[in-house]
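Protein chains in written order, with the UniProt record's numbering: chain Y, 1 to 143; chain G, 1 to 143; chain F, 1 to 143; chain P, 1 to 143. Heads up: the structure comes next, in structure tokens.
4 protein chains.
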Amino acid sequence: MPPEPVMSREAVSAFLDEVFPQIHHGGPGPVVEAVGPLSATMRLPYHERHLRPGGTISGPAMMGLADVALYVAVLASLGPVPLAVTTNLSFNFMRKPARRDLIGEARLMKLGRQLAVGEVLIRSEGEDDLVCHATGTYAIPPR
Amino acid sequence: MPPEPVMSREAVSAFLDEVFPQIHHGGPGPVVEAVGPLSATMRLPYHERHLRPGGTISGPAMMGLADVALYVAVLASLGPVPLAVTTNLSFNFMRKPARRDLIGEARLMKLGRQLAVGEVLIRSEGEDDLVCHATGTYAIPPR
Amino acid sequence: MPPEPVMSREAVSAFLDEVFPQIHHGGPGPVVEAVGPLSATMRLPYHERHLRPGGTISGPAMMGLADVALYVAVLASLGPVPLAVTTNLSFNFMRKPARRDLIGEARLMKLGRQLAVGEVLIRSEGEDDLVCHATGTYAIPPR
Amino acid sequence: MPPEPVMSREAVSAFLDEVFPQIHHGGPGPVVEAVGPLSATMRLPYHERHLRPGGTISGPAMMGLADVALYVAVLASLGPVPLAVTTNLSFNFMRKPARRDLIGEARLMKLGRQLAVGEVLIRSEGEDDLVCHATGTYAIPPR
Chain Y
1 MPPEPVMSRE
11 AVSAFLDEVF
21 PQIHHGGPGP
31 VVEAVGPLSA
41 TMRLPYHERH
51 LRPGGTISGP
61 AMMGLADVAL
71 YVAVLASLGP
81 VPLAVTTNLS
91 FNFMRKPARR
101 DLIGEARLMK
111 LGRQLAVGEV
121 LIRSEGEDDL
131 VCHATGTYAI
141 PPR
Chain G
1 MPPEPVMSRE
11 AVSAFLDEVF
21 PQIHHGGPGP
31 VVEAVGPLSA
41 TMRLPYHERH
51 LRPGGTISGP
61 AMMGLADVAL
71 YVAVLASLGP
81 VPLAVTTNLS
91 FNFMRKPARR
101 DLIGEARLMK
111 LGRQLAVGEV
121 LIRSEGEDDL
131 VCHATGTYAI
141 PPR
Chain F
1 MPPEPVMSRE
11 AVSAFLDEVF
21 PQIHHGGPGP
31 VVEAVGPLSA
41 TMRLPYHERH
51 LRPGGTISGP
61 AMMGLADVAL
71 YVAVLASLGP
81 VPLAVTTNLS
91 FNFMRKPARR
101 DLIGEARLMK
111 LGRQLAVGEV
121 LIRSEGEDDL
131 VCHATGTYAI
141 PPR
Chain P
1 MPPEPVMSRE
11 AVSAFLDEVF
21 PQIHHGGPGP
31 VVEAVGPLSA
41 TMRLPYHERH
51 LRPGGTISGP
61 AMMGLADVAL
71 YVAVLASLGP
81 VPLAVTTNLS
91 FNFMRKPARR
101 DLIGEARLMK
111 LGRQLAVGEV
121 LIRSEGEDDL
131 VCHATGTYAI
141 PPR
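Printed below as a string of structure tokens:
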């Protein structure tokens, strides 16, 4: 059974705002909805700064959501590790997002001493179909 | 020998500004430096909106640069195809970018009837080492 | 709700043996365990031809398992499409497999007109932890 | 300028045959053609065991070639590190290989203390177009 998170949703949010203030640059950025055992759920508010013409949410906005969701899952599991760095991210874009908030659910598939590997499922709020699937690897600095 | 581009740098830039005005939302976005046979070079200006604490350029800014660079290479090769959509993007992040503009060089490895596949090499201006390597696939709508 | 498969496990197995006889070249290859709505389960028998020194199953054997598992999920959903081709595969290797059969569970996240996208979870039989996670894209020929 | 290799082609070949004897199981496997600064060239002989019906070389055979080519580039650069493990591999398949040997050219884009990242270009011998492009990451054990 995966271990319980060592940081609460509130603690992770406060840490994120401190170390990554610019995720909210130009408008609201991703928000931590929940953390759990090796997992995290983030919401990306539907906002002009994330849009493509036609009102659809842009690829880079989804990629940023996936990146931070994995980072939050690592943080919640290990405690504050500001120096963890993304080494690999891979995305499949499957459908056009609706004109709604996006929900990203991150789950770590491995949390090793040096590497964390996880996936993120991104959906438009209230829908079942995946908009985007991401996998990523974080390098964890020696502690 | 790969075919000559069918759109000039100026034509591609004007088309991008028209269909993706929001890449410059909140500050200067990626700029087309050059187009060539199955290739394109883009510059991401060093600007506060792309930064992480410590002054380094963020992962999502690099991912956006790679995405648009591949799209520009497709545009330059095929002419205006506003509906081409990214289906897959994969990134390896290798070094921390310097406090300088980033240069992304996109090259299409395949330009088929339905799919275009390419890679993007991202470096800090004036440096040899790669900061990030990306590969991506675009689905091309039937014409 | 995903559609029911249009081919049975037996029909898919017979089709595979006919079009890909060489997956059993040199010893037993992957076996179809089950097909379901947009999904398939394959077993790779533990056999000398798939091993690395130390008795662990090789990376290429796992990659072959993932590739065929996605193909079987496409077949079961669409019926015999011998010309579907893999365009992209991406793997994260997370743990050393045990000295046991491997089980690969494929699930299609998108089954479009031109592209099918899915993921494969690979585990050693009887274990919960993932050995490998794969995502892949198949191009489906016009019908 | 990248460092000169620390192992010769002959030394790497002998090491490979010793630690991975099974790459030649069932017929000739990949052969080291050359090693260079952060690079390696491998040849996969055209042989029945690597074929798909129609005489084309199979995806798993290409994936195995890419994996070993990156490993050889790591070996040639670092000396014998039998415990280096693949953590990530990503492939774009672009064309059907010809009925000929395949040539895989691996180049390391990063050789760090913990991670090596590289790409592999795979072509049918004597052709310019890429059959497959791969990127991969190796975790290097502490020395």
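Beta carbons: idealized from backbone N, C-alpha and C, even for Gly. Please read all numbers here as calculations on a predicted model, not as lab measurements.
Quiz item: Do residue 57(F) and residue 30(F) have their C-beta atoms within less than 9 Å of each other?
Solution: No, they are not a contact pair.
Quiz item: Does the segment 39–52 of chain G come close enough to the segment 81–91 of chain G that 3 or more CB-CB pairs lie under 8 Å?
Solution: With a cut-off of 8 Å, the segment 39–52 of chain G and the segment 81–91 of chain G do not count as touching, because too few Cβ pairs lie within range.
Quiz item: In terms of residues, what are the limits of the beta strand (DSSP E) holding residue 94(F)?
Solution: No residue range can be given for residue 94(F), since it is assigned to no beta strand (DSSP E) and is classified by DSSP as neither H nor E.
Quiz item: Between which two residues does the alpha helix (DSSP H) harbouring residue 73(Y) extend?
Solution: In the DSSP assignment, residue 73(Y) falls within the alpha helix (DSSP H) that extends over 59–78.
Self-check item: Chain-order list of residues whose beta-carbon lies under 6 Å from that of residue 28(P) (same chain, five-residue window excluded)
Solution: Excluding residues within five positions, the ones whose Cβ falls inside 6 Å are 45, 47.
Quiz item: At what residues does the alpha helix (DSSP H) containing residue 148(Y) begin and finish?
Solution: Outside the shown range of chain Y, which is 1 to 143, sits residue 148(Y), and nothing can be said about it.
Self-check item: Chain-order list of residues whose beta-carbon lies under 8 Å from that of residue 124(P) (same chain, five-residue window excluded)
Solution: Contacts found: 97, 98, 100, 101, 102, 103, 131.
Quiz prompt | Best match in 34(P), 49(P), 134(P), 3(P) for proximity to residue 117(P) [C-alpha to C-alpha] | solution = The option with the nearest alpha carbon to residue 117(P) is 134(P).
Exercise. Flag this pair as touching only if the segment 104–112 of chain G and the segment 1–19 of chain F have three or more C-beta atom pairs under 8 Å; answer yes or no.
Key: Short answer: they don't touch.
Quiz item: So the beta strand (DSSP E) residue 111(G) belongs to, where does it begin and stop?
Solution: Element bounds for residue 111(G): 102–111.
Practice problem: Closer than 9 Å by beta-carbon distance: list the chain P residues that pair up with residue 94(G), in chain order. | Solution: The answer, in chain order, is 109, 110, 112, 115, 117.
Quiz item: So, is residue 59(G) buried or exposed, given that buried needs 16 or more other C-beta atoms within 10 angstroms?
Solution: Residue 59(G) is classed as buried because its beta carbon has at least 16 other beta carbons within 10 Å across all chains shown.
Self-check item: Test: residue 64(F) CB closer than 9 Å to a CB of chain P
Solution: Closer than 9 Å to some Cβ of chain P, the Cβ of residue 64(F) qualifies, so yes.
Quiz item: When DSSP builds the beta bridges, which residues end up paired with residue 139(G)?
Solution: For residue 139(G), which the question treats as bridged, DSSP gives the partners 85(G), 115(G).
Self-check item: residue 130(G): first and last residue of the uninterrupted beta strand (DSSP E) it sits in
Solution: Premise fails: residue 130(G) is in no beta strand (DSSP E) and is neither H nor E.
Practice problem: Sort 62(P), 119(P), 94(P) by Cα distance to residue 137(P) and report the nearest one. | Solution: Ranked by Cα distance from residue 137(P), the options 62(P), 119(P), 94(P) are led by 119(P).
Self-check item: Reference residue 63(Y); option with closest CA among 84(Y), 93(Y), 49(Y)
Solution: The shortest Cα separation from residue 63(Y) among 84(Y), 93(Y), 49(Y) belongs to 93(Y).
Quiz item: How should residue 129(G) be labelled, buried or exposed, when 16 other C-beta atoms within 10 angstroms of its C-beta is the threshold for buried?
Solution: Here residue 129(G) is exposed, its C-beta having fewer than 16 other C-beta atoms within 10 Å.
Self-check item: Helix, strand or coil at residue 125(Y) [DSSP, three-state]
Solution: In the three-state scheme derived from DSSP, where H, G and I count as helix and E and B as strand, residue 125(Y) is classed as coil.
Exercise. Would you verify that the beta carbon of residue 101(F) is, or is not, closer than 9 Å to some beta carbon of chain Y?
Key: Answer no: the Cβ-Cβ gap between residue 101(F) and chain Y never drops below 9 Å.
Quiz prompt | residue 33(Y) - DSSP class collapsed to helix/strand/coil | solution = Strand, per DSSP.
Quiz item: Could you give the distance in angstroms between the alpha-carbon of residue 126(Y) and the alpha-carbon of residue 83(Y)?
Solution: Their Cα atoms are separated by approximately 34 Å.
Exercise. Indicate whether at least one CB of chain P lies closer than 9 Å to the CB of residue 137(Y).
Key: Chain P contact via Cβ: present.
Self-check item: beta strand (DSSP E) segment containing residue 44(Y), residue limits
Solution: Taken as a continuous stretch (DSSP letters only), the beta strand (DSSP E) holding residue 44(Y) covers 39–44.
Exercise. Please report how far the alpha carbon of residue 67(F) lies from the alpha carbon of residue 21(F), in whole angstroms.
Key: Taking the straight line joining both Cα atoms gives about 15 Å.
Self-check item: C-beta contact flag for residue 73(Y) and residue 19(Y) at 9 Å
Solution: It is not a contact, given that the beta carbons lie outside the stated cut-off.
Practice problem: To the nearest angstrom, report how far apart residue 79(G) and residue 23(P) are at their CA atoms. | Solution: Cα to Cα, the separation comes out at about 46 Å.
Quiz item: Bridge partners of residue 52(Y), per DSSP?
Solution: Looking at the DSSP output, residue 52(Y) shares a beta bridge with 56(Y).
Quiz item: Which one or two residues does DSSP pair with residue 120(P) in a beta bridge?
Solution: Residue pairing by DSSP places residue 120(P) opposite 106(P), 134(P) in a beta bridge.
Quiz item: Does any residue of chain P bring its CB to less than 9 Å from the CB of residue 129(G)?
Solution: It does: the Cβ of residue 129(G) has a partner Cβ on chain P nearer than 9 Å.
Quiz item: Which bits of chain F does residue 90(Y) rub up against, with CB to CB less than 8 Å?
Solution: Chain F residues near residue 90(Y): 90, 135.
Quiz item: DSSP state of residue 24(P), grouped into three classes?
Solution: For residue 24(P), the secondary structure class from DSSP, reduced to helix, strand or coil, is helix.
Quiz item: Hey, does residue 61(P) have any beta-carbon neighbour from chain F nearer than 9 Å?
Solution: Among the residues facing chain F, residue 61(P) is included, as its CB has a counterpart in that chain under 9 Å away.
Quiz prompt | Neighbour-count burial assignment, residue 8(Y), 16 or more Cβ in a 10 Å radius | solution = Note on residue 8(Y): under 16 other CB atoms within 10 angstroms of its CB, so exposed under the neighbour-count rule.
Quiz item: What separation, rounded to the nearest whole angstrom, lies between the Cα atoms of residue 114(F) and residue 142(G)?
Solution: Their Cα atoms are separated by approximately 11 Å.
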